[in-house]
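Peer 1: Please read through the structure below; I'll follow up with questions.
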Amino acid sequence: MSQLDTQTLLFASIFVCFLMSALMTLAALQVRRDACLMWVATGFSVVGLGALVTVLRLWSPWLLLVVWLSNSLIILAHGCIWVALRKFAGKTVQWRLVLAGPAIWILLCLWPRFLTEPAWRVLAYAVLASSYFVLVLREIRPAWRQNAQAVVPLAVVLVAQILIYLFRSVLWVGDFQFWSQRPDAALTIFTMMIMVICIGFTTLILVRGREEYRHLHASMQDSLTRIPNRRALFDQGVSKIDAAASEQKELTMLMCDLDWFKQINDQHGHDMGDQVLKLFARVLHDTVGEQGFYARIGGEEFVVLVAGMDLQEASVLASNIQHELGLRSGRELIHTSTSIGIAAATQAGYSLHRLLVCADTALYQAKADNRNCVRLWSESMKQGSGPAVRHADQKLGMSSI
Numbered sequence: 006m007s008q009l010d011t012q013t014l015l016f017a018s019i020f021v022c023f024l025m026s027a028l029m030t031l032a033a034l035q036v037r038r039d040a041c042l043m044w045v046a047t048g049f050s051v052v053g054l055g056a057l058v059t060v061l062r063l064w065s066p067w068l069l070l071v072v073w074l075s076n077s078l079i080i081l082a083h084g085c086i087w088v089a090l091r092k093f094a095g096k097t098v099q100w101r102l103v104l105a106g107p108a109i110w111i112l113l114c115l116w117p118r119f120l121t122e123p124a125w126r127v128l129a130y131a132v133l134a135s136s137y138f139v140l141v142l143r144e145i146r147p148a149w150r151q152n153a154q155a156v157v158p159l160a161v162v163l164v165a166q167i168l169i170y171l172f173r174s175v176l177w178v179g180d181f182q183f184w185s186q187r188p189d190a191a192l193t194i195f196t197m198m199i200m201v202i203c204i205g206f207t208t209l210i211l212v213r214g215r216e217e218y219r220h221l222h223a224s225m226q227d228s229l230t231r232i233p234n235r236r237a238l239f240d241q242g243v244s245k246i247d248a249a250a251s252e253q254k255e256l257t258m259l260m261c262d263l264d265w266f267k268q269i270n271d272q273h274g275h276d277m278g279d280q281v282l283k284l285f286a287r288v289l290h291d292t293v294g295e296q297g298f299y300a301r302i303g304g305e306e307f308v309v310l311v312a313g314m315d316l317q318e319a320s321v322l323a324s325n326i327q328h329e330l331g332l333r334s335g336r337e338l339i340h341t342s343t344s345i346g347i348a349a350a351t352q353a354g355y356s357l358h359r360l361l362v363c364a365d366t367a368l369y370q371a372k373a374d375n376r377n378c379v380r381l382w383s384e385s386m387k388q389g390s391g392p393a394v395r396h397a398d399q400k401l402g403m404s405s406i
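Sequential numbering of the sequence shown, starting at 6, is according to our numbering.
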């Protein structure tokens, strides 16, 4: 590597930096002007500019001025990469910290002894640049569990570059004035090119993983109430039922249907109907919380799935839902009630289809009994539940299962 021409590699690295900056900008524009990718593109442009200033050392009469300017730009580029990952995490730009690294470098360059000691400059650069990458690692840590496959490649690249920086600060310390005179100058430029390419592509992987997660989350969420939808029920509900079955846990399903909802829409308008649906979603959030899973499966119908709860406890939960809805709807909108049918997996079976059919059968009975009540499914309902079962199959799209 030391036999490669340093100047040729430097021009190649400048080309790579600006090329990667252009590619990241195009990628950012395709993802709703993604701020993370735009900042990565900015960082690549700044590091390319810093490398370009380095070339001027060959002709500039202000050699020392070029020394502090080129390195301060490259350190600033590391700060831009940190900002990119802060934007990825949904955080704001901390300009003081972004500019702190370049500012420290410039202040050090005002010290004459610093400019005459190449080893000190290499060590200072390594510490400042590595500090930004440590901050980047801190920013991506929360995303590790959510999308480890996308986070790990970027983390590996950053850790490797930190080790290279620190390794260079203690290796090949000799009698030279500028870093380009060091035996590892060509290796330094080459690793910079590799770093730019790797950071670019690993950041793309990270952003792509986030976008895929967003699309998946959007497909699993009801657009009006912002709670899980029917697809989420079939996806997550099955896994919860299987887990309860394997542990032989109690599991109950509550099927809720808002009473006289059509009349609310007809008499008060669809906007009021939407507000009622949103209110009921908030009621479920406050009453069910994290102890269970709840979803809107269509229209004015909602399903609650709770593990570790028997029929008696589920009845108490259903009463709490009814009480909270009646209290809050009367105070905030118009008085609204809900009918609820409950089915237990220990009776109906650990099957999403069976639980839906049985809970809907109990709900059908609650509707027939003047609404605003709770009914528990039992074996005795089987004889008269033929129409209700067909109603459930047709309504929930389960007839093909």
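Using N, Cα and C, we set each Cβ at its ideal position, and we do this for glycine too. All figures in this text were calculated on a predicted structure; none of them were measured in a lab.
Go through the stretch 249-285 residue by residue and report every complete run of the beta strand (DSSP E) that reaches 3 residues or more, in order.
Peer 2: Runs of the beta strand (DSSP E) inside the stretch 249-285: 256-263.
Peer 1: Check this for me: beta carbons of Ser75 and Phe49, under 7 Å apart or not?
Peer 2: Against a cut-off of 7 Å, the Cβ pair of Phe49 and Ser75 comes out as no contact.
Peer 1: Ignore the nearest five residues each way along the sequence and tell me which others in Leu70's own chain have a CB closer than 8 Å to its CB.
Peer 2: Excluding residues within five positions, none has a Cβ falling inside 8 Å.
Peer 1: Between the alpha carbons of Trp116 and Val58, how many angstroms are there, rounded?
Peer 2: Taking the straight line from one Cα to the other gives about 21 Å.
Peer 1: Which residue from Val311, Ile345 and Glu305 puts its Cα closest to that of Ser324?
Peer 2: Considering only alpha carbons, the answer is Ile345.
Peer 1: Measuring straight from C-alpha to C-alpha, what distance separates Met277 and Ile339?
Peer 2: Taking the straight line joining both Cα atoms gives about 9 Å.
Peer 1: Would you kindly check if the distance between the Cβ of Val21 and the Cβ of Val201 is under 7 Å?
Peer 2: Contact flag set, yes.
Peer 1: Measure how close the beta-carbons of Trp87 and Tyr130 come, nearest whole angstrom, since I'm counting them as under 8 Å.
Peer 2: Wrong, their Cβ atoms sit about 16 Å apart, outside the cutoff.
Peer 1: Going by C-alpha distance, which of Leu42, Ala165 and Thr47 is nearest Lys92?
Peer 2: It is Leu42.
Peer 1: Given Gln327, which residues of its chain have a CB within under 8 Å of its CB, disregarding the five upstream and five downstream residues?
Peer 2: Result list for Gln327: Ser342, Thr343, Ile345, Asn377 and Val379, in chain order.
Peer 1: Distance, Cα to Cα, Leu90 vs Lys96?
Peer 2: Their backbone Cα atoms lie some 9 Å apart in a straight line.
Peer 1: Thinking Ile347 and Leu381 are a contact (beta carbons under 8 Å), I'd like their distance in whole angstroms, please.
Peer 2: Going by Cβ atoms, the distance from Ile347 to Leu381 rounds to 5 Å, so yes, they are a contact pair.
Peer 1: Just checking my contact of Ala134 with Ile80 at CB under 8 Å: how many whole Å lie between their CB atoms?
Peer 2: Their Cβ separation, rounded to whole angstroms, is 6 Å, which keeps Ala134 and Ile80 in contact under 8 Å.
Peer 1: If we call anything under 7 Å between Cβ atoms a contact, is Thr230 one with Ala286?
Peer 2: Yes.
Peer 1: Based on Cα-Cα distance, which residue from Glu255, Thr47 and Ala108 lies nearest to Gln352?
Peer 2: The residue with the shortest Cα to Cα distance from Gln352 is Glu255.
Peer 1: Counting only runs that start and end within the stretch 284-316, where is the beta strand (DSSP E) found for 3 or more residues in a row?
Peer 2: Qualifying beta strand (DSSP E) stretches, in chain order: 297-303 and 306-312.
Peer 1: Smallest Cα separation from Gly304: which of Ala82, Val281, Glu216 and Tyr355?
Peer 2: Ranking Ala82, Val281, Glu216 and Tyr355 by Cα distance to Gly304 puts Val281 first.
Peer 1: Using the C-alpha atoms, what's the distance from Ala349 back to Asp262?
Peer 2: If you take the alpha carbons of Asp262 and Ala349, they lie about 18 Å apart.
Peer 1: Closest by CA to Trp44, which one among Gln12, His83 and Leu78?
Peer 2: Answer by Cα proximity: His83.
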